[in-house]
Amino acid sequence: MSPRDDIPDLTGLDGEGSVQVHENENLDVGGAKVFSVYGKGGIGKSTTSSNLSAAFSLLGKRVLQIGCDPKHDSTFTLTGRLQETVIDILKSVNFHPEELRPEDFVTEGFNGVMCVEAGGPPAGTGCGGYVVGQTVKLLRQHHMLEDTDVVVFDVLGDVVCGGFAAPLQHADRALIVTANDFDSIYAMNRIIAAVQAKSVNYKVRLAGCIANRSRETNEVDRYCEAANFKRIAHMPDLDSIRRSRLKKRTLFEMDDAEDVVQARAEYIRLAETLLRSVDEPGLTPEPLTDRHIFELLGFD
1 MSPRDDIPDL TGLDGEGSVQ VHENENLDVG GAKVFSVYGK GGIGKSTTSS
51 NLSAAFSLLG KRVLQIGCDP KHDSTFTLTG RLQETVIDIL KSVNFHPEEL
101 RPEDFVTEGF NGVMCVEAGG PPAGTGCGGY VVGQTVKLLR QHHMLEDTDV
151 VVFDVLGDVV CGGFAAPLQH ADRALIVTAN DFDSIYAMNR IIAAVQAKSV
201 NYKVRLAGCI ANRSRETNEV DRYCEAANFK RIAHMPDLDS IRRSRLKKRT
251 LFEMDDAEDV VQARAEYIRL AETLLRSVDE PGLTPEPLTD RHIFELLGFD
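Taking the UniProt record's numbering, the leading residue of the sequence shown gets 1, the next gets one more, and so forth.
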């Protein structure tokens, strides 16, 4: 037997040319509806994820949000503080999870939303997929997923490598946060390609995109028409959303200004749409070639 005869050949199983290793099937999240939020770095994924989790909770769902970013600020507005990361907590006990209690790594946030920050490996070392896997394993070991209706993964930037695509192996639906500009839409196109590759072997499907921090949606809508994709929400560039983050609060804890009330209603509508989407066929867009995107949207 050669040194590599006992290693399964997974080439191409997650897309043409892929050599990604599949997650352990025993790490399945379980019966909860699982959503993964992706998008270009700095586009507002954490703000979107937190307000979406709050909306799910106000619809009567038991919600768990998992931040998958070394910056560990995904749940900042839900809890009002930065949490310590799962990976740092595990390191503090020499990776003996049996020494931990749920309260060591889970914080209850707004309206009962349970909040976890997976964190990430030190810069230039390790893999984000390992961190996601360890977090799901720890949650299962402590039975934190058994009484959960909805799980929201908030994933780092527009990275589509195997590590940060790992939440797609657990998700029912992926949604993409974008803005009405070329760079955000270009990132969205790459994420669509990553989700389509994962959907060959996993249940994940695309739910649609959210136009965020954008007064208009014409460029997003033009892309969606060309790629057979769908915009499912629009969050304008509102100062109240920025202020909510500065105040360490979700929009649902802000004063009832007209724009805040409208944004809340859009998040509730989005949450309802996503819950329905799991029981419907997912979207199957065709990612555009780079040339097609440049010709469609330009690069000014």
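All residues carry an ideal CB built from backbone N, CA and C; glycine is no exception.
Endpoints, beta strand (DSSP E) assigned at H234: R231 to M235
Cut-off 6 Å between Cβ atoms - residues of its own chain near A55, not counting five sequence neighbours on either side: Y267, I268 and A271
For V177, the residue or residues it bridges with in DSSP: G39 and I210
Under 9 Å between C-beta atoms of F35 and A171: yes
Every unbroken alpha helix (DSSP H) inside the stretch 76-101 [4 residues or more]: 76-79 and 86-92
C-alpha distance - A207 paired with L296, whole-angstrom precision: 23 Å
Of the residues Y130, D73, V132 and N94, the one placed nearest T107, counting alpha carbons only: D73
Spatial distance of L238 from V261 (CA atoms): 12 Å
Sequence-distant residues of the same chain with beta carbon closer than 8 Å to L111, five excluded per side: The amino acid at residue 111 is misidentified as Leu; the sequence shows Asn. Excluding positions up to five away in sequence, the list reads A54, S57, L58 and F252.
Where L270 sits in the DSSP three-state scheme: helix
Cβ shell of K61 (< 7 Å), same chain only, five flanking positions each side left out: D149 and V150
Bounding residues of the beta strand (DSSP E) (the contiguous stretch that carries E117): M114 to E117
Coil, strand or helix - L52 by DSSP: helix
Through-space distance from Y186 to I293, alpha-carbon basis: 7 Å
Backbone CA spacing between T79 and R291 [nearest angstrom]: 43 Å
Residue span of the alpha helix (DSSP H) that contains L296, given as start and end: D290 to L297
Span of the beta strand (DSSP E) around Q65: V63 to C68
Environment of V37 [buried if 16+ CB atoms lie within 10 Å]: buried
Collapsed DSSP secondary structure at E154 in the structure displayed: Contrary to the premise, residue 154 reads as Asp rather than Glu in this sequence. Correct three-state label for D154: strand.
Alpha carbon of V177 to alpha carbon of T48, nearest angstrom: 8 Å
Contact under 9 Å by Cβ, P70 with G120: yes
Whether A226 touches V220 by CB criterion (9 Å): no
Supposed contact pair V131 and I66 - C-beta distance, whole angstroms, cut 8 Å: Between V131 and I66 the Cβ distance is about 10 Å, and since that is not below 8 Å, they are no contact.
DSSP-derived helix/strand/coil call for T280: In the sequence as presented, Thr is not what sits at residue 280; that position holds Glu. Correct three-state label for E280: coil.
Beta-carbon proximity list for H234, same chain, < 6 Å, skipping 5 on both sides: A211 and T217
Buried or exposed by the 16-neighbour rule on C-beta atoms within 10 Å, applied to L283: buried
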